[in-house]
Amino acid sequence: MGAHEGRSQRAGASRRRPQNRRVGPLPVVLTAVGLPLLGGIADELGGPGVGILFALGAVLGTGAAAALCTRAGRWWVVSAAPIVVLAGACAVEYAADPDKYQGKALGTGALRWVVGAFPVMAAAVAAALLAIGVRTVLDRRRPGPPAAPTGRSRRG
């Protein structure tokens, strides 16, 4: 028997537990972007300006995306949440009344959108971090398969 035949893992392979990949990237992106847009559209249909429905859509969409994504995707969900919220708020506001935001009024409107969307951005990031924290704790409590012996000691 050769020195490498007793190994159960190939060289360079990780010994971590395999991650259960729940969904692909498309449902995560659609959740993170779609819910805020739907909430913003519903707000605009109910009256001028994005409001509570947009905020709920943004927070729930970001939290759900963070719960659905892979471990590698967690960073992207958390870092993209403020950008998605701001872009969604701007898109909905501008699309609802493009004639209102011409020339200098566009700059004023954009400043108003940033200020109005800031609390929603913070809440969306907090929801993503909370979802990731809960998922991490639950993943650690879940018993994984026992690690297969590698045939090597820790010393080499």
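In our numbering, the protein residues as written are 1095 to 1250. The beta-carbon is built from N, C-alpha and C at its ideal position, and this holds for glycine as well.
**Asked** Does DSSP classify Pro1192 as helix, strand or coil?
**Response** For the purposes of this step, residue 1192 is taken as residue 98 along the sequence shown, with counting starting at 1. In this structure, Pro1192 counts as helix in the three-state DSSP scheme.
**Item:** 8 Å contact criterion, which Val1172 and Ala1222 should meet: CB distance rounded
**Value:** Position 78 of the sequence shown holds residue 1172. Position 128 of the sequence shown holds residue 1222. Contact holds; Cβ gap of about 5 Å.
**Item:** Thr1164 - DSSP class collapsed to helix/strand/coil
**Value:** Translated into the one-based positions of the sequence shown, residue 1164 becomes position 70. Coil, per DSSP.
**Cβ-based neighbour list, Val1219, same chain, cut-off 8 Å, excluding 5 preceding and 5 following** = Taking the sequence shown and counting its residues from 1, the one referred to as residue 1219 is at position 125. Excluding sequence neighbours, Val1219 sits near Thr1156, Val1172, Ala1175, Pro1176.
**Asked** I think Ile1226 touches Ala1158, with their Cβ atoms under 8 Å apart; what is that distance to the nearest whole Å?
**Response** Taking the first residue of the sequence shown as 1, we reach residue 1226 at position 132. Taking the first residue of the sequence shown as 1, we reach residue 1158 at position 64. Actually they are not in contact, since the Cβ atoms of Ile1226 and Ala1158 sit about 12 Å apart, beyond 8 Å.
**Message:** Quick check on the DSSP output: the alpha helix (DSSP H) that includes Pro1121 runs from which residue to which?
**Reply:** Indexing the sequence shown from 1 puts residue 1121 at position 27. Looking at the DSSP string, the run of the alpha helix (DSSP H) that includes Pro1121 is 1119-1140.
**Request:** May I have the straight-line CA-CA distance separating Ala1190 from Glu1138, to the nearest angstrom?
**Result:** Stepping through the sequence shown from its first residue, residue 1190 is reached at position 96. Stepping through the sequence shown from its first residue, residue 1138 is reached at position 44. Taking the straight line from one Cα to the other gives about 7 Å.
**Request:** Locate the alpha helix (DSSP H) running through Arg1234, then write down its first and last residues.
**Result:** Translated into the one-based positions of the sequence shown, residue 1234 becomes position 140. Start and end: 1198-1235.
**Item:** Three or more C-beta pairs below 8 Å linking the stretch 1183-1197 and the stretch 1227-1238
**Value:** no
**Message:** So, does the stretch 1200-1217 touch the stretch 1161-1170, judging by three or more C-beta pairs under 8 Å?
**Reply:** no
**Message:** What does the alpha-carbon distance come out to for the pair Val1122 and Leu1180?
**Reply:** In the sequence shown, residue 1122 corresponds to position 28, counting from 1. In the sequence shown, residue 1180 corresponds to position 86, counting from 1. For Val1122 and Leu1180, the distance between alpha carbons rounds to 18 Å.
**Option in Val1209, Trp1170, Leu1150 with minimal Cα separation from Cys1184** = Against the sequence shown, residue 1184 aligns to sequence position 90. If we check each option's Cα against that of Cys1184, Val1209 comes out closest.
**Request:** Determine the direct distance from the alpha carbon of Gly1197 to that of Val1127, and round the result to whole angstroms.
**Result:** Locating residue 1127 in the sequence shown gives position 33, where the first residue counts as 1. Locating residue 1197 in the sequence shown gives position 103, where the first residue counts as 1. Straight-line Cα distance between these residues: approximately 28 Å.
**Message:** By alpha-carbon positions, which one of Gly1182, Leu1224, Ala1217 ends up nearest to Ala1204?
**Reply:** Residue numbering aside, residue 1204 sits at position 110 when the sequence shown is read from its first letter. Checked all of Gly1182, Leu1224, Ala1217; the closest Cα to Ala1204 is Gly1182.
**Message:** Could you check whether Val1144 and Val1186 sit closer than 8 Å to each other, using their CB atoms as the reference points?
**Reply:** The sequence position of residue 1186 within the sequence shown is 92, counting from 1. The sequence position of residue 1144 within the sequence shown is 50, counting from 1. Their beta carbons are under 8 Å apart, which means Val1186 touches Val1144 by this criterion.
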